[in-house]
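Colleague:
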Amino acid sequence: MTKINVKQLVVTALHSKEHANNIVDLIDLIATQRNRKIVLEAASGCLDIFTKYLEEDCLPSNTKSDDTIQVFQSWIWERITDCFNACLSNLKESDDGEKMLETILRLIQFKAICQNKNATEFIFPEEELAKLMGVVLASKNPTLLQTFTELLPYDDTRYFVLKSLPATLNKLLNADKTIIETVFNFLKTTVSFMPTDDSKLTSSYVFGSENEPVLAKFQSSRPFMVSHHRKKFSSAWLEFLKHPLPGHIHKNVLVIFHTSLVPNFAKPRLLADFLMRSYAKGGGLALLGLHGLFVLMHQHNLEYPEFYKNVYAMLHPRIFDAKYKARFFHLLDLFLSSTHIPSYLVAAFVKKMSRLCLIAPPDGICIMVTLILNLLRRHPSIRHLVHKDLDKAEAIVDPYVEGEPDPSKCAAMESSLWEVSSLKSHYSPEVVKCVSFKSIGTMETDVGEILENNYDELFNDACSKEFKNFAMNHVPPETLFGGFEDTTSEIWCVE
Amino acid sequence: MAKKKKGLADKVRQSKLNKKSSHTLDKVRNNPFEIKINKQKHNIIGRKTKHDRGLPGVSKSKANKKRKDTLLKEYKQRNKTNAIRDERFGNDDSQLSLEEKMLQRFSLERKKKHEKMAQFNLNEDEDLTHLGQSLSNIEKFDDYEGSDNEEESGTISGEYVTHAHFGGGIFSKKEDGDEVDQNDESRSRKDIIDEIIAKSKKAKYEKQATKEKSDELRDKLDDTWNDFEKLLRPSLRTNRDKETARESSWPDDYDMTVKQMLYERKVAPTEKVKTEEELKLEQEEARKAEEESRIRRMQADFVEGGPKTQHQSADALEEDYYVSEPLGEDIEPLSFGQNEDEDSNNDDENSENSDAENDQPAEEESELGDLGIEEDDDGEVSNEQEDDSDDYSDIDSGNEDDADITSLDTEEGSSKKSISPHKEESVNNTACSKFPVSYADFASRMSSFKSDGNQAASKFTSQLRKQFAPNLRKGNKARMVELFAYVWEHCCKVACNSPPNFSVISSLTKHLYELCAVNSEVCCQCIVERMKRSYQTCFRSNKSHVMWPSLDVLIQFKLIKSLFSTSDFCHPVVTPAFYFMCNLLNKSVLITFSDVSRGLFICTLIYEYVSFSKRLVPECINYLVTVLCLALPTKSHAGKRIPTIASTRFNQRNLELLKWNKDFSPVKNLEKADLSLLVTPTADSSTSDEIRNQLLSTALSLTSKFLLLYSELTSFDELVLPVKQVCEELIKVPCVKAQPLLLKSTENVAQLIASNASKPRKPISFGRNKPKPLRLIDPKIEDTGEPFQKRSRKTNPSKKERERLLHKCRREMKGAVREIRKDNRFIARQKQLEQDELDAERAARVKRLYGLLSNQEGEVRNIQHKKYKLEI
């Protein structure tokens, strides 16, 4: 079988309906032939034939008078399905099916046009689309994916892609875990095409953008409504998030959470489960998860009573070593920025942070002391932590329970910030400057400037500071060890 | 003359009159009849009264005089109505402009004048002459010789005048004596006149002669004027002149001695020789002051710079004042290639130098080798060495050029050639004869310096310091700073050796201190720069864990402690060092024994740093807890019950580090850990248990030291909580239990914690609330001015002001009315006076007329009587 033969088959079939059986041969060719060019030729030939037949036959089909025509029509429909399946299986097998994919897309488009000719509700060959998507995603072929994403700018195709995503994902991810990155990237691209306004939903893949009268007919149907888009979008994402995600993808999801997911979700609160799972993972993911939860609580009325308890649990010595230290304290400041948080909670945070000050590096101490001061300014009800009237004060053993995970039971309200006062004898002058406040005042200090500090900054600052006083040791040393205030020779054997 | 006399007399009279008048005024003032005393109703002490006494007569006459000057004049002018009428040209002509008017007036005036003057002008073009010379020429006053003559020729001598004019001239009779008269009688009149003529001629001739003489002299002066002028105007003097002048004016011996004696230093009064007790007391006081300033610097609110240094003027700079500019030309340039030159000169020297040269690279190699083993396979080490071995280009002051180096070196060489019994000394002297230009130079010279073992560096340094003492020469102070850098570098180099020779560093410590004291600012910068470099090499990779730096960095910290006051609140060197050490404690890996021991060493140093100031260093506690945790069985801290920041530092590589071998043998006597542990890379299993014991006991003793230090802190409990937990666990460890010494020190720590723990504390406070002061209200004060004035009851200030003004107005009005009345009276008096004068005149006239008439009548009567008589 050669290319010329194929062309001949197509031409004869185009010429009259008597040679309609050529289609069967062509479909066979697609299914069996190895030669790619021939396959492509055959597929496009089929498409041409279908187009011609339907132009001629489908129009009178409305009359429903002639049985033979109806029979023929239904036969043609079956062949179209056959052709689609053949093409799809071909696409699955071939490595480089870009052209084939385009043909399939045209086939789908063609089918949709046919179906919608006289329909009142927008109809789309969803099944085919789902099948195609499954094949494309499973192939992990970037060029195929690229071609496929060209469907997304169109409102109708996007809608149906999103609609068929959950089922497809479920099937795919259950079969193959490694596909998850491809899926994530694809989902991420859908985000950028998500509509924001009903009036902007006018582009159609099936009818073309300029076919306005036809579009006007379907304006109130689902593919052209933002709310429905969002519903499908949420269900797709939720399906995706149900599956266990590898670390970096998890992190990426959390990073795009606020900007991409929340605004496009029909019910963002549904994401809370995922966020709680993120929190359970600990570390940076937990932090990002908490941030997400905070956004949901703040903007979407999520009720999550455990939130502050979780944040409280994150206050651990480990954060000073973590890379996300600056982000954590930034978010902590954000979480505690409300003035409507109960006093006991704020007191617990303040007390916990002051405890941490005793083992933190100087940069961390500076941040925490600044935060503590800001909290004291925001919440006058806990000022007794730093200032109690001397007449009423009695000497007490610190009632604060550090190990208690529940901030409401840690008895921070009855405590006092001895830790901060003992920091006045810290070795770092910066820290001492931070803690030697004479009164609380009302103006809050901006934490942002010192969040990124670490030893390097402190060291460089100390080096570049200008001094006038270069005090020498007041006792001239005679030897390296064993001189004035020497402990080395006491502890070590220096000889 | 007469007029002058009169003027003089006037003056005298005037002054007399003035005197008299002032005198009279005094008289008047003292005259009790003139004084009117105003009686005071209330005597107020301290108030100066102006009007307690008055002189009515004086003031009356004053007022009268004033009126005479003003009012009277006006009165006399009252009927005079003079006015100036302008009759000049064009005054009425309104069409002419002002300028034109002026022009025409001017021309008219000129014309008038010209016409008047011109009638006497005969010929205007004539040139006026005098003595046949044009006056215009004479007016130039060129060489006008007449000026000298004029005085004399104009005035005739007084004697002549008396004789010729007033004494009767030739006809006068001589009053001098009779003899002369008798002689003169014989002479005829002609003779006498001849004589007079001759005399005058002679006088004339003499005058001429003297004039010529003076002219001559003047010409001479003119000729030699140029020479004189130089003396008068210094700007014209040439150099040669000056030289000659100087030579001539060079002070002689006498002058010199006088000057010397003048400026000789006077003997200052010596201070009293102090007794031993006084000296002790003084030292004690100095020490106290030091301690006090130390404590002051320790405070957080210590203002940097402290008491401001007094301003020093530029003149007050002493010779050893340090100027940071490059060293001047007075320093002989040296080169790095010096050794080679020396080699070629002397065989004996050759061997030494080659030794020295060999030494250096070998040293470095061995260092590198050591570090390579010690720090596994870290490529950074070599880089660091490269960094360190840069030739201090920032401290060198650019005297690189070596123009006459060879000649200098040959000299040196020749001096060395003479091998004598004092060879060592001479070699030492030559090694110190010049100041090293770089550290490499310093090191090579030091190696050529001969002394016994460890003391070489110290002796070499002290020699250099003696040679280049700051008070010997300008610029030596800068050299001392350089020397400090070299010695510092040398200490680091020595510390890098394996094994490190601490006694060398120890001997250099004192020098470092004293060198640093010369100029602590620059030395601080030098240290900080070095520290910065090591910091960057250490923490270059932004990883969470870093390798320990080589030993020299640690030794630097120890040196810093020796040199500087580490208890300061903020110090240019100590504060960065703190950050450096704490960062090391926080981030360094713990894989080998040397890692652990280095950390412990740093903890020891930090303890030294803060032992006086008792500053809190959480990093130390964290580190110690981490080390102690390493000794616990894996299970107990796997649960991470110890709340320490360092819990992330446990990993597979170090988990077994401080755990005893299974077949360990309890050690009875525990030795102190040796400093050589810092560099010993690994230990075999036979000694490892011993090392473990040593490290643990070191950690425990450090912990107890820190705990003692912090026992005063308000939050001691919280701070030591992790330590407490670790100790509790540690006691349970069988290997610790088996060793009584270790167990004892552990229990010791636990007891220390227990003894200080759980004290009830007072909640913190900003201090007592100050009671709120009552609101102060300004008292209402009425400003009435005069305290004894009648006070009006009106409170409204504007009304009061109005009243005050009204009162003033009324008073002024009264005064004005009184004045006007007085004026009127004065004028009336004046009128009366005039009237009286007129009346008197009239009366006189009438009287005269009466007289005339009565005369007439009398005559008529006489005539009638005569007529009657005749008739009769």
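Chains as they are written, first to last, in UniProt numbering: chain A, 1 to 495; chain B, 1 to 872.
Note that CB positions come from ideal geometry on N, CA and C, so glycine has one too.
Using CA coordinates, which residue listed in A:P125, A:L101, A:V346 is at the minimum distance from A:F148?
Modeller: A:L101
Colleague: Taking only the alpha-carbon atoms, compute the straight-line gap between B:I820 and B:R88 and give it to the nearest angstrom.
Modeller: 44 angstroms
Colleague: Looking at the structure shown, is B:D552 part of a helix, part of a strand, or coil, going by DSSP?
Modeller: helix
Colleague: Given a limit of 8 angstroms on CB to CB distance, which residues of the segment 389 to 411 of chain A reach chain B?
Modeller: D389, L390, D391, A393, E394, A395, I396, V397, D398, E402
Colleague: Helix, strand or coil for A:D398, going by three-state DSSP, please let me know.
Modeller: coil
Colleague: Are B:V528 and A:C463 close, meaning C-beta to C-beta below 7 angstroms?
Modeller: Inclusion of B:V528 and A:C463 in the CB contact set at 7 angstroms is warranted, their separation being smaller than that value.
Colleague: Would B:L852 be called buried (16 or more neighbouring beta carbons within 10 Å of its own) or exposed?
Modeller: exposed
Colleague: Which of the three DSSP states, helix, strand or coil, is assigned to A:W492?
Modeller: strand
Colleague: Report back the beta-carbon spacing between B:L616 and A:Y427 to the nearest angstrom; my notes put them in contact at under 8 angstroms.
Modeller: Yes, B:L616 and A:Y427 are in contact; Cβ-Cβ is about 7 angstroms, under 8 angstroms.
Colleague: Report yes or no: do the segment 430 to 437 of chain A and the segment 519 to 533 of chain B share at least 3 C-beta pairs separated by less than 8 angstroms?
Modeller: no
Colleague: Determine whether the Cβ of B:V617 lies closer than 7 angstroms to any Cβ atom of chain A.
Modeller: yes
Colleague: Can you tell me where the alpha helix (DSSP H) holding B:P797 begins and where it ends?
Modeller: 797 to 871
Colleague: Could you give the distance in angstroms between the alpha-carbon of A:F233 and the alpha-carbon of A:L288?
Modeller: 22 angstroms
Colleague: What's the gap between the Cα of A:I256 and the Cα of A:L165?
Modeller: 20 angstroms
Colleague: State the DSSP-derived secondary structure class of A:D446, mapped to helix, strand or coil.
Modeller: coil
Colleague: What is the rounded straight-line gap between the Cα of A:H316 and the Cα of A:L417?
Modeller: 18 angstroms
Colleague: When you compare the CB of B:D568 with every CB in chain A, is at least one pair closer than 7 angstroms?
Modeller: In terms of beta-carbon proximity, B:D568 lines the interface with chain A, with at least one pair separated by less than 7 angstroms.
Colleague: Going along chain B in order, which residues have a C-beta closer than 8 angstroms to the C-beta of A:S478?
Modeller: It is Glu, not Ser, that sits at residue 478 of chain A in the sequence shown. The contacting residues are T509, K510.
Colleague: Would a C-beta distance cut-off of 7 angstroms place A:L480 and B:S745 closer than the cut-off?
Modeller: no
Colleague: Would you give the residue range spanned by the alpha helix (DSSP H) that B:A443 belongs to?
Modeller: 439 to 448
Colleague: If we cut at 7 angstroms on Cβ distances, does A:S489 have a partner in chain B?
Modeller: no
Colleague: What separation, rounded to the nearest whole angstrom, lies between the Cα atoms of A:K163 and A:Y279?
Modeller: Each residue's CA atom was taken as its position, placing A:K163 and A:Y279 some 29 angstroms apart.
Colleague: Once the 5 residues before and after B:A495 are set aside, which same chain residues still bring their CB inside 7 angstroms of it?
Modeller: I505, L551, D552, I555
Colleague: Alpha carbon to alpha carbon, what distance is there between B:S597 and A:D467?
Modeller: The amino acid at residue 467 of chain A is misidentified as Asp; the sequence shows Phe. Straight-line Cα distance between these residues: approximately 34 angstroms.
Colleague: Between the alpha carbons of B:E282 and B:A289, how many angstroms are there, rounded?
Modeller: Going by the C-alpha atoms only, they are around 11 angstroms apart.
Colleague: Is there contact between the segment 616 to 625 of chain B and the segment 706 to 725 of chain B, where contact requires at least three CB pairs shorter than 8 angstroms?
Modeller: yes
Colleague: What three-state label does DSSP hand B:N569 in the structure shown?
Modeller: The residue you asked about is not Asn; residue 569 of chain B is Phe in the sequence shown. Here B:F569 sits in coil by DSSP.
Colleague: Keeping to the same chain, check which residues put their C-beta closer than 6 angstroms to that of B:W488; ignore five residues upstream and five downstream.
Modeller: none
Colleague: Does the Cβ of B:Y868 have 16 or more other Cβ atoms within 10 Å, making it buried, or fewer, making it exposed?
Modeller: exposed
Colleague: Considering only the beta carbon of each residue, do A:H258 and A:V295 sit closer than 7 angstroms?
Modeller: Here A:H258 is near A:V295, since their CB atoms are less than 7 angstroms apart.
Colleague: Short of 7 angstroms in beta carbon distance, which residues of its chain neighbour B:P470, apart from the five on each side in sequence? Order them along the chain.
Modeller: D320, N476, K477, M480, V518
Colleague: Could you name the residues of the same chain whose beta carbon sits closer than 7 angstroms to that of residue 499 of chain A, not counting the 5 residues immediately before and after it, in chain order?
Modeller: Within the shown structure, residues of chain A are numbered from 1 to 495, placing residue 499 of chain A beyond reach of any answer.
Colleague: Excluding the 5 residues preceding and the 5 following B:K259 in the sequence, name in chain order all residues of the same chain whose CB lies nearer than 8 angstroms to its CB.
Modeller: P251
Colleague: Taking a contact to mean a Cβ-Cβ separation below 7 angstroms, would you say A:S139 touches A:T103 in this structure?
Modeller: no
Colleague: Should A:L88 and A:V135 be called a contact, given that it needs their Cβ atoms to be closer than 7 angstroms?
Modeller: yes
Colleague: Rounded to a whole number of angstroms, what is the C-alpha to C-alpha distance between B:V720 and A:S343?
Modeller: 29 angstroms
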